[in-house]
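Chain order of the listed sequences is A and B. Here the first sequence stands for residues 1 to 414, where the numbers follow our numbering. Here the second sequence stands for residues 1001 to 1176, where the numbers follow our numbering.
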Amino acid sequence: MFLPDYYEYCCRVKIVAGHNALENIPDLLADLNAKKPMFITDKGVAGAGLIEIVTEAVKGVDTSVIEDDVPPDSDLRVVNRLAGIYKDNGCDSIVAIGGGSVMDTAKGVNIIVSEDAEDLMKFSGAGALTRPLRPLIVLPTTAGTGSEVTLVAVIADKEKNIKMAFTSYFLLPNVAVLDSRMTLTLPPFITAPTAMDALTHAVEAYTCLAKNPISDAHAGIAISLIANNIINVVKNPSDQNGRLALANGATMAGAAFSNSMVGMVHSIGHSVGAVCHVPHGVCMAILLPYGLEYNLHRSGHLTAELLLPLAGAEVYAATPPEQRADKAIEVIRTMNQDLYDATSGRHARFFSEIKDRDGKQMVPEDKLPAIAKTALGDGSLLYNPEDMDYDDMMVVIKAAWDGVPLDRSLIKRG
Amino acid sequence: MGYQEIKPETKPAKKAYVSLMLWFVGRAIQAAAKTDDQVKKEFEGLPDRFTFSLGVMPQGPYMIVGKDKNGAVKYMGSNPHAQKVDLQMNIKNLEAAILLFTFQEGTAMASCRDRLILSGEVPDALAVVRILDIVEIYLLPEIVAKLAVKRYPKWWSPVSKNVVRGKIYIRTLLGI
Ligand SMILES: [Fe+2]
């Protein structure tokens, strides 16, 4: 067991989880003294019929203000517009239904309406918020990002072409409601990468430098919930118990990584997202085994421990201790292959096989140097067990592009 | 664990020690930017006239390093209020600064333990961390540097490392 000399941990989001968790929302709002919530969501969620499920479940609550116009890459204009609607309608709280973009937007709206701010920018950075905001209840509709328990919001200003990050414990929602009905209709080819994103949060939280006993506990259970259910759910999307397990796993992984941070898988993943616009979860699924391989000489003992939640007690016991880390990496690679098979090839296993809607390759080989360069500027690199320079980046990214295991002789050890 | 040789005990002594280290590191960065290709390259990647400060909260000491109008890297003194600073790296308190400057804790571990507060652009901060690491590798004996940086580059050629080390020491002491 690892006990650091010093650490900090904070997660004060109430979790309400179950197959009928939505029905508790009226009570939850009443507890928060909220009478007129604004419902914020996106077209995808609305189109999947989830708003009807929610409004049906929250009978008695004023549901007259529902805004479903949050784009997948939310931005300052959207936040300002929604804040205007909130004020015009005299709302007193927010219910956000959606994935990361909806939740970030809701957090942004909450800053403006609570602080009566003209300019959201004034509150960017860390520590700019000094008091609680309006009640915020979030209903995640993907089991992945963990945004329901994270204290960060990222909002783009498209006119200035910048992204603003907001960090504050006051951005934490008051309640996260995990209901299996919210993720039931998520198509398998999206379920797979989002769950792999959650798995990556837990694995990196457990193996990177800012780990602590409380985040470890969350990470370990998150991994077993996700690993035990991901393939089943992708094969049988209507498996309610499996859906709820993934939702719980993603939330626990979110609590773990927002306290102990993530490492190189996210550094490179953010960069591939920025340079080539590949969805975040797709990058995570591809890069996770490479991150563990690269760090093996540093954090292999921790990766070895993860074989237990990843593969179960029998496999763990049957694997000699010195082979457990490699076996854990192999289990994750097999997971990706199984997801590829279960989605008829829509779940990409390596960068060169990712195609956009028109069948065009999304990560052309000539973009790899730009990806490596951008990744060197990603903050999560600080928390990675081993250092990385440009050449190290290229070795990892090229292997993940080709889909071959890392050539371990190329890893520079100190 | 840790390298136990240097150990200032009282508060004024600690402050004086950290001031001296900051002064030395600041001048060493200026020297390294002239002599080491990697440091040169990292600075080239930073914006024009970029400046950063490294210091201790709440009242210092501090040191400021930056690029002047000709792009030359200069140690710019110890007063962060005398000029614009693009990136501030502040160590939360004197005790944390002592851990860092007695090399019992590296920069990466310090930030993992919430001892460093950054304000500025993250990519710039990472470049500065890489610069600090390289400078520490030159300034410190291997046994100490190994504790201070995440990965000690044992693949560097020892001959050229010692040549550059000598140059950096001379330049740092002379301030050129
Ligand atoms: Fe992620």
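Glycine included, each C-beta is placed from N, C-alpha and C at the ideal position.
1. Note down, in chain order, each residue of its chain lying with its Cβ closer than 6 Å to the Cβ of A/SER180, except the 5 sequence neighbours on either side.
2. Any idea what DSSP makes of B/LEU1173, helix, strand or coil?
3. Going by the C-beta, is A/HIS201 closer than 8 Å to any heavy atom of ligand 1?
4. Whole angstroms are fine: how far does the CA of B/VAL1149 sit from the CA of B/ASP1133?
5. Taking the straight line between their C-alpha atoms, what separation do you get for B/ARG1049 and A/LYS14?
6. Please determine, among A/LEU136, A/LYS211 and A/CYS10, the residue with the shortest C-alpha to C-alpha distance to A/LEU3.
7. Could you list which residues in chain B have their beta carbon closer than 7 Å to that of A/ALA256, in chain order?
8. In whole angstroms, what is the alpha-carbon distance linking A/GLU23 and A/VAL113?
9. Could you give the first and the last residue of the continuous beta strand (DSSP E) run that contains B/TYR1062?
10. From what residue to what residue does the beta strand (DSSP E) around B/ILE1091 run?
11. Indicate whether A/ALA165 and A/ALA176 have their beta-carbon atoms separated by less than 9 Å.
12. On the CB-based measure, 16 or more other CB atoms within 10 Å of its CB, does B/GLU1142 come out buried or exposed?
13. Would you say A/ARG408 faces chain B, with C-beta separation under 9 Å as the test?
14. Drop a sphere of 10 angstroms on the beta-carbon of A/TYR390, count the other beta-carbons inside from all chains shown, and report buried for 16 or more, exposed for fewer.
15. Quick check on A/LEU209: buried or exposed, where buried means 16 or more other Cβ atoms within 10 Å of its Cβ?
16. What in chain A is Cβ-close to B/TRP1156, meaning under 7 Å?
17. What residue does the alpha helix (DSSP H) around A/SER180 start on, and which one ends it?
18. What number of angstroms, rounded off, separates the C-alpha of A/HIS280 from the C-alpha of A/GLY249?
19. Would A/TYR169 pass as an interface residue toward chain B - the criterion being a Cβ-Cβ separation below 9 Å?
20. Name, in chain order, the residues that DSSP records as bridge partners for B/TYR1075.
21. With a threshold of 8 Å, establish whether the CB of A/HIS266 neighbours any heavy atom of ligand 1.
22. For A/ALA399 versus A/TYR290, is the C-beta spacing smaller than 9 Å?
23. Quick check on this structure: which residue in A/ASN336, A/ASP392 and A/ASN89 has the alpha carbon closest to the alpha carbon of A/ILE371?
24. Excluding five sequence neighbours on each side, which residues of the same chain lie with their C-beta closer than 8 Å to the C-beta of A/SER352?
25. Going by beta carbon distance, what residues of the same chain come within less than 7 Å of A/ILE397, once the five residues before and after it are set aside?
26. Strictly under 9 Å for the Cβ-Cβ distance: is B/LEU1165 near chain A by that measure?
27. Assign A/ILE97 to buried or exposed, taking buried as 16 or more other Cβ atoms, counted over all protein chains shown, within 10 Å of its Cβ.
28. Can you check which of these residues, A/ALA256, A/THR251, A/GLY44 and A/ILE155, is closest to A/GLU8 by C-alpha distance?
29. Considering only residues of the stretch 137 to 163 of chain A, which uninterrupted beta strand (DSSP E) runs meet the minimum length of 3 residues and lie entirely inside it, listed in chain order?
30. Please name the residue, chosen from A/VAL79, A/ASP92 and A/GLY47, that lies closest to A/VAL61 on a Cα-to-Cα basis.
31. For the alpha helix (DSSP H) that contains B/LEU1054, what are its first and last residues?
32. Evaluate B/GLU1044 with the Cβ neighbour count: other Cβ atoms within 10 Å of its Cβ, from every protein chain shown; 16 or more gives buried, anything less gives exposed.
33. What does B/ALA1032 reach in chain A if we use C-beta pairs closer than 8 Å?
34. Taking the beta strand (DSSP E) that B/SER1119 belongs to, which residues open and close that run?
35. Would you check whether ligand 1 has a heavy atom nearer than 8 Å to the C-beta of A/ASP73?
36. Any heavy atom of ligand 1 closer than 8 Å to the Cβ of A/ASP378?
In short:
1. In the first sequence, residue 180 of chain A corresponds to position 180, counting from 1. Excluding residues within five positions, the ones whose Cβ falls inside 6 Å are HIS19, GLN240, ARG243 and LEU244.
2. One-based indexing of the second sequence puts residue 1173 of chain B at position 173. Helix.
3. As a first step, residue 201 of chain A is located in the first sequence; it is residue number 201 there, counting from the start. Yes - ligand 1 has a heavy atom lying nearer than 8 Å to the Cβ of A/HIS201.
4. The residue given as residue 1133 of chain B occupies position 133 in the second sequence. The residue given as residue 1149 of chain B occupies position 149 in the second sequence. Taking the straight line joining both Cα atoms gives about 6 Å.
5. Numbered from its first residue, the second sequence carries residue 1049 of chain B at position 49. Numbered from its first residue, the first sequence carries residue 14 of chain A at position 14. Looking at the two C-alpha atoms, the distance is approximately 47 Å.
6. Within the first sequence, residue 3 of chain A is the residue found at index 3, counting from 1. The alpha carbon of A/LEU3 has as its nearest neighbour, out of A/LEU136, A/LYS211 and A/CYS10, the alpha carbon of A/LYS211.
7. Within the first sequence, the letter at position 256 stands for residue 256 of chain A. Here the premise fails: no neighbours, minimum Cβ distance about 15 Å.
8. Looking up residue 23 of chain A in the first sequence gives position 23. Looking up residue 113 of chain A in the first sequence gives position 113. Whole-angstrom Cα-Cα distance: 27 Å.
9. As a first step, residue 1062 of chain B must be located in the second sequence, where it is residue number 62. 1062 to 1067 is the span of the beta strand (DSSP E), which, as asked, contains B/TYR1062.
10. Mapped onto the second sequence, residue 1091 of chain B falls at position 91. Segment 1087 to 1091, the beta strand (DSSP E) holding B/ILE1091.
11. Position 165 of the first sequence, counted from the start, is the residue given in the question as residue 165 of chain A. Position 176 of the first sequence, counted from the start, is the residue given in the question as residue 176 of chain A. Contact check for A/ALA165 against A/ALA176 fails: the beta carbons are separated by 9 Å or more.
12. Within the second sequence, numbered from 1, the residue matching residue 1142 of chain B stands at position 142. Exposed, since its Cβ has fewer than 16 Cβ neighbours within 10 Å.
13. As a working mapping, residue 408 of chain A is identified with position 408 in the first sequence. For A/ARG408, no Cβ of chain B is located within less than 9 Å of the residue's own Cβ.
14. For the purposes of this step, residue 390 of chain A is identified with residue 390 of the first sequence, where counting begins at 1. Under this definition A/TYR390 is an exposed residue.
15. Taking the first residue of the first sequence as position 1, residue 209 of chain A is located at position 209. Buried.
16. Indexing the second sequence from 1 puts residue 1156 of chain B at position 156. Simply none; closest approach about 11 Å.
17. Reading the first sequence from its first residue, position 180 is the one you call residue 180 of chain A. Note, A/SER180: alpha helix (DSSP H), 180 to 183.
18. The residue labelled residue 280 of chain A in the question sits at position 280 within the first sequence. The residue labelled residue 249 of chain A in the question sits at position 249 within the first sequence. About 18 Å.
19. By one-based count along the first sequence, residue 169 of chain A stands at place 169. For A/TYR169, the answer is no, since every Cβ of chain B falls outside 9 Å of its Cβ.
20. Mapped onto the second sequence, residue 1075 of chain B falls at position 75. According to DSSP, B/TYR1075 bridges with B/VAL1065.
21. The sequence position of residue 266 of chain A within the first sequence is 266, counting from 1. For A/HIS266, the Cβ falls inside the 8 Å cut-off from some heavy atom of ligand 1.
22. Looking up residue 399 of chain A in the first sequence gives position 399. Looking up residue 290 of chain A in the first sequence gives position 290. The Cβ atoms of A/ALA399 and A/TYR290 sit closer than 9 Å to each other.
23. Within the first sequence, numbered from 1, the residue matching residue 371 of chain A stands at position 371. Comparing C-alpha distances from A/ILE371 to each of A/ASN336, A/ASP392 and A/ASN89 shows the shortest one belongs to A/ASP392.
24. Numbered from 1 along the first sequence, position 352 holds the residue referred to as residue 352 of chain A. Only residues of its own chain outside the window of five on either side were considered, and among them GLN361, VAL363, GLU365, TRP401, ASP402 and GLY403 have a CB closer than 8 Å to the CB of A/SER352, listed in chain order.
25. Locating residue 397 of chain A in the first sequence gives position 397, where the first residue counts as 1. Taken in chain order, the residues that qualify are ILE268, LEU368, ILE371 and ALA372.
26. Numbered from its first residue, the second sequence carries residue 1165 of chain B at position 165. Residue 1165 of chain B is actually Arg in this sequence, not Leu. With a threshold of 9 Å between beta carbons, B/ARG1165 makes no contact with chain A.
27. Numbered from 1 along the first sequence, position 97 holds the residue referred to as residue 97 of chain A. A/ILE97 comes out buried.
28. Position 8 of the first sequence, counted from the start, is the residue given in the question as residue 8 of chain A. Here the closest residue by C-alpha is A/ALA256.
29. Runs of the beta strand (DSSP E) inside the stretch 137 to 163 of chain A: 152 to 157.
30. Taking the first residue of the first sequence as position 1, residue 61 of chain A is located at position 61. Cα-wise, what sits closest to A/VAL61 is A/ASP92.
31. Within the second sequence, the letter at position 54 stands for residue 1054 of chain B. Segment 1051 to 1056 is the beta strand (DSSP E) holding B/LEU1054; no alpha helix (DSSP H) there.
32. Reading the second sequence from its first residue, position 44 is the one you call residue 1044 of chain B. Residue environment for B/GLU1044: exposed (fewer than 16 other C-beta atoms within 10 angstroms of its C-beta).
33. As a first step, residue 1032 of chain B must be located in the second sequence, where it is residue number 32. Going along chain A, no residue has its Cβ under 8 Å from B/ALA1032, so there is no contact; the nearest lies around 16 Å.
34. For the purposes of this step, residue 1119 of chain B is taken as the residue at position 119 of the second sequence. Where B/SER1119 is concerned, the enclosing beta strand (DSSP E) stretches over 1116 to 1119.
35. Residue 73 of chain A sits at position 73 when you count from the first residue of the first sequence. Using a cutoff of 8 Å, the CB of A/ASP73 does not count as near ligand 1, since none of the ligand's heavy atoms is closer than that.
36. The count along the first sequence starts at 1 and reaches residue 378 of chain A at position 378. Look at A/ASP378: its beta carbon is at least 8 Å from all of the heavy atoms in ligand 1.
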